[in-house]
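*Asks:* Residues in the sequence shown are numbered from 185 upward in steps of one, following the working numbering. From the three backbone atoms N, C-alpha and C, an ideal C-beta is built for every residue, glycine too. Quantities reported herein were computed from a predicted structural model and do not represent experimental measurements. First the structure, then my questions, so here it is.
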Amino acid sequence: MLTEEKQLAWDKKLINQGAHFVQSELYLDWQKNTGQKVFEVEIETENSETLFRGVEKPLPFGQKFIYSAHGPFINNISDMENIRKKILELGQKKQALFIRYDLVSKIENTISLKGSKLLTKEFYRRSSIQPRYEWILPTFSDETEALKKLPGRTRYFINKARRGKIEIEISYEPIKYLEDFWQIMNKTSTRQSFCLHPKEYYQTALSSSTPTAKPFLTIARQKEKIIAIHFNIIFGQKAFYVFGGSKENDSGCSYLLIWEGLNEVSKQSCLEFNLGGINGPDNLNPEWQNLTLFKKKFPGKMFCHNPTYDLPIRPLPYSIYYLSKKMKMKK
185 MLTEEKQLAW DKKLINQGAH FVQSELYLDW QKNTGQKVFE VEIETENSET LFRGVEKPLP
245 FGQKFIYSAH GPFINNISDM ENIRKKILEL GQKKQALFIR YDLVSKIENT ISLKGSKLLT
305 KEFYRRSSIQ PRYEWILPTF SDETEALKKL PGRTRYFINK ARRGKIEIEI SYEPIKYLED
365 FWQIMNKTST RQSFCLHPKE YYQTALSSST PTAKPFLTIA RQKEKIIAIH FNIIFGQKAF
425 YVFGGSKEND SGCSYLLIWE GLNEVSKQSC LEFNLGGING PDNLNPEWQN LTLFKKKFPG
485 KMFCHNPTYD LPIRPLPYSI YYLSKKMKMK K
């Protein structure tokens, strides 16, 4: 692992490059503090430096792969061959079956990217660990004017929540609300039929902070009782909704929480508020359709990340793994 000084310097570089918070030191600390093996590798090239941050993930039969979420960041196409060699060396050292990454690049020539040796055969997009599509809201300088520009139905639900005397608190000390948060997440997961991480994962998330990443909660109260919580992160001039839930399926409260989160990050001089994953035009996540419709009630834009790619370290065992996954998907 890098020194704290280098980690801070790299976070600042990544912020300037517009990186996602899952490439931050904060996110890497979450994984490390929940027992996962993490790594940071600096890759020097002729034109620039690249940081490869990632996590080891287990596979059946004692195998493993290495995953870099929304990384590494490529600045220059001439650097790609050297980056590929360094990534291969890392995989061999870690005895991984393959390395998976969601390449991030500002290179406009995507044909050149796809033809490079760094991007081997694309793996199944349904296996992507991070969402391929996300919904991003612009921030504002005047809340009153921004509220007027919202769709009528969105504005109605925000005002309905306010008329119902729902009050919103912003807290930059999330760990104080761990028990409330965990209780709400359990009720939400039961109601919506999704699986939670262990409680320790959320405890780590709520207690972590770095000089470049600021977590905060938007907390909804009604009659002094907490009824919903959203967990958000500010990373540079970008803000991210990460996860959250409510005790009841109250859409008015959810609208108000999103709005007050957007209001807060606007005050913090952020340029955008990322609401996270949605179902995209290729319908990769049909189970997210209702969630997608809700997020799109707030005017914004869809951001499409690059597909997930695998770089095989041991080609023959990888081919067997690849075919077995393909057969399972056809069943």
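#1: Tell me which same chain residues have a C-beta within less than 6 Å of the C-beta of residue 259, skipping the five on either side of it?
#2: Which runs of the beta strand (DSSP E) spanning at least 3 residues fall entirely within the stretch 198-229, listed in chain order?
#3: Taking Cβ to Cβ, would you say residue 270 is nearer than 7 Å to residue 227?
#4: Could you give the uninterrupted runs of the beta strand (DSSP E) lying entirely in the stretch 398-461, keeping only those of 3 residues or more?
#5: Spell out the partners DSSP gives residue 516 in its beta bridges.
#6: Out of curiosity, what's the CA-to-CA distance linking residue 206 and residue 482?
#7: Can you name the residues that DSSP bridges to residue 375?
#8: Tell me which residue opens and which closes the alpha helix (DSSP H) that residue 331 is part of.
#9: I need the straight-line Cα distance from residue 434 to residue 406, nearest angstrom please.
#10: Alpha carbon to alpha carbon, how far is residue 368 from residue 380? Give it in angstroms, no decimals.
#11: Would you check if the distance between the CB atom of residue 389 and the CB atom of residue 194 is smaller than 7 Å?
#12: Give the range of the alpha helix (DSSP H) segment to which residue 385 is assigned.
#13: According to the Cβ coordinates, are residue 476 and residue 463 closer than 7 Å?
#14: Is DSSP giving residue 341 helix, strand or coil here?
#15: Below 8 Å on the Cβ atoms is my guess for residue 281 versus residue 501; work out the distance and round it to an integer in Å.
#16: Ends of the beta strand (DSSP E) at residue 284?
#17: Going by other Cβ atoms of all chains shown within 10 Å of its Cβ, with 16 needed for buried, is residue 504 buried or exposed?
#18: Tell me whether residue 245 is buried or exposed, calling it buried when 16 or more other Cβ atoms sit within 10 Å of its Cβ.
#19: Say the cut is 6 Å; is the CB of residue 335 nearer than that to a heavy atom of the ligand FMN?
*Replies:* Result, derived from the coordinates:
#1: Taking the sequence shown and counting its residues from 1, one reaches residue 259 at position 75. Taken in chain order, the residues that qualify are 232.
#2: 222-228
#3: Mapped onto the sequence shown, residue 270 falls at position 86. Mapped onto the sequence shown, residue 227 falls at position 43. Cβ atoms of residue 270 and residue 227: closer than 7 Å.
#4: 409-419, 422-430, 456-461
#5: Only positions 185 to 515 of the chain appear in this structure, which leaves residue 516 out of reach.
#6: The residue given as residue 206 occupies position 22 in the sequence shown. The residue given as residue 482 occupies position 298 in the sequence shown. Roughly 24 Å separates the two Cα atoms.
#7: Looking up residue 375 in the sequence shown gives position 191. In DSSP, residue 375 forms no bridge with anything.
#8: Here residue 331 refers to the residue found at position 147 of the sequence shown. From DSSP, the alpha helix (DSSP H) with residue 331 extends over 327-332.
#9: Position 250 of the sequence shown, counted from the first residue, corresponds to residue 434. Position 222 of the sequence shown, counted from the first residue, corresponds to residue 406. Those two C-alpha atoms are separated by around 12 Å.
#10: As a first step, residue 380 is located in the sequence shown; it is residue number 196 there, counting from the start. As a first step, residue 368 is located in the sequence shown; it is residue number 184 there, counting from the start. In a straight line, the C-alpha of residue 380 is about 11 Å away from that of residue 368.
#11: By 1-based counting over the sequence shown, the position of residue 389 is 205. By 1-based counting over the sequence shown, the position of residue 194 is 10. No, the Cβ-Cβ distance between residue 389 and residue 194 is not below 7 Å.
#12: Here residue 385 refers to the residue found at position 201 of the sequence shown. Run containing residue 385: 383-391, per the alpha helix (DSSP H) assignment.
#13: The residue given as residue 476 occupies position 292 in the sequence shown. The residue given as residue 463 occupies position 279 in the sequence shown. Yes, the pair counts as a contact, with Cβ atoms nearer than the cut-off.
#14: Counting from one through the sequence shown, the residue named residue 341 turns up at place 157. Helix at residue 341.
#15: Here residue 281 refers to the residue found at position 97 of the sequence shown. Here residue 501 refers to the residue found at position 317 of the sequence shown. At roughly 6 Å, the Cβ-Cβ gap stays under 8 Å, so residue 281 and residue 501 are in contact.
#16: Stepping through the sequence shown from its first residue, residue 284 is reached at position 100. First-last of the beta strand (DSSP E) with residue 284: 282-285.
#17: Translated into positions along the sequence shown, residue 504 becomes position 320. Residue 504 should be labelled exposed.
#18: Taking the sequence shown and counting its residues from 1, one reaches residue 245 at position 61. Exposed.
#19: In the structure on display, the ligand FMN does not appear, and there are no ligands present to speak of.
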